[in-house]
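The structure appears below as structure tokens.
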Amino acid sequence: MWIFGKLKAGKALTRIVSLIEEVEYNRKPPSEGHGTYLSEERGAQIERDIYQHSDVLRKFPRHVVTEKLLKNVRIAQRFGDNQRIEASAKALDFLVEEGIALDLDTFEKSFSR
1 MWIFGKLKAG KALTRIVSLI EEVEYNRKPP SEGHGTYLSE ERGAQIERDI YQHSDVLRKF
61 PRHVVTEKLL KNVRIAQRFG DNQRIEASAK ALDFLVEEGI ALDLDTFEKS FSR
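Residue numbering for the sequence shown follows UniProt numbering, starting at 1 and increasing by one per position.
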């Protein structure tokens with residue numbers, strides 16, 4: 001069952017980062033080379049989805065959530081995907097505020113290998 005849990009956590013993290021990436025992409029006007037602004041309805045849906053996926057992550061230890069997110073950042077770095085890296089950083093900030101993940105200083109002090 002733990003394997004399915006890890007997969008579920010990975011999927012939830014990926015989805016949260018993708019949703020934040022969508023918000024950030026659409027935050028800037030089209031004149032700056034980005035998408036259009038999000039509709040109010042879409043923004044509300046994204047917020048609901050983020051909190052729904054956050055609830056999945058609450059079942060896991062905070063260091064596990066942080067570790068999985070950092071693995072995703074390393075993958076994005078290999079591909080040179082700066083937008084994904086920025087979205088991951090915002091996701092980490094959100095998850096730390098919600099008490100779902102550890103901040104990087106605490107993680108490094110406690111769980112560095």
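Glycine residues also receive a C-beta, built at the ideal position from the N, C-alpha and C atoms.
How many whole angstroms separate the CB atoms of Lys90 and Leu13, which I take to be in contact at a CB cut-off of 8 Å? That belief does not hold up - the Cβ atoms of Lys90 and Leu13 are roughly 13 Å apart, past 8 Å.
Determine the DSSP secondary structure at Ser88, reduced to helix, strand or coil. Three-state result, Ser88: helix.
Measuring only the C-alpha atoms, how far is Phe60 from Asn26? Looking at the two C-alpha atoms, the distance is approximately 31 Å.
Leaving out the 5 sequence neighbours to the left and right, which residues in its chain are closer than 8 Å to Glu40 when beta-carbon positions are compared? The answer is none, since no qualifying residue turns up.
Same chain, Cβ closer than 8 Å to Leu104, neighbours up to 5 away in sequence not counted: Correct list, in chain order: Thr66 and Leu92.
Should residue 120 go down as buried or exposed, given a rule of 16 or more other Cβ atoms within 10 Å for buried? Residue numbering for the chain in the displayed model covers 1 to 113; residue 120 lies beyond these limits and cannot be assessed.
Output needed for Met1: all residues of its chain with C-beta closer than 8 Å, excluding positions within five of it in sequence on either side, in chain order. In this prediction, Met1 has a pLDDT of 44, which is less than 50 and means its spatial position is unreliable; what the coordinates show is noted afterwards. Here Met1 has no same chain residue with a Cβ atom under 8 Å from its own Cβ, once five neighbours each way along the sequence are excluded.
Quick one: give me the first and last residue of the alpha helix (DSSP H) that Leu57 is part of. Looking at the DSSP string, the run of the alpha helix (DSSP H) that includes Leu57 is Glu40 to Leu57.
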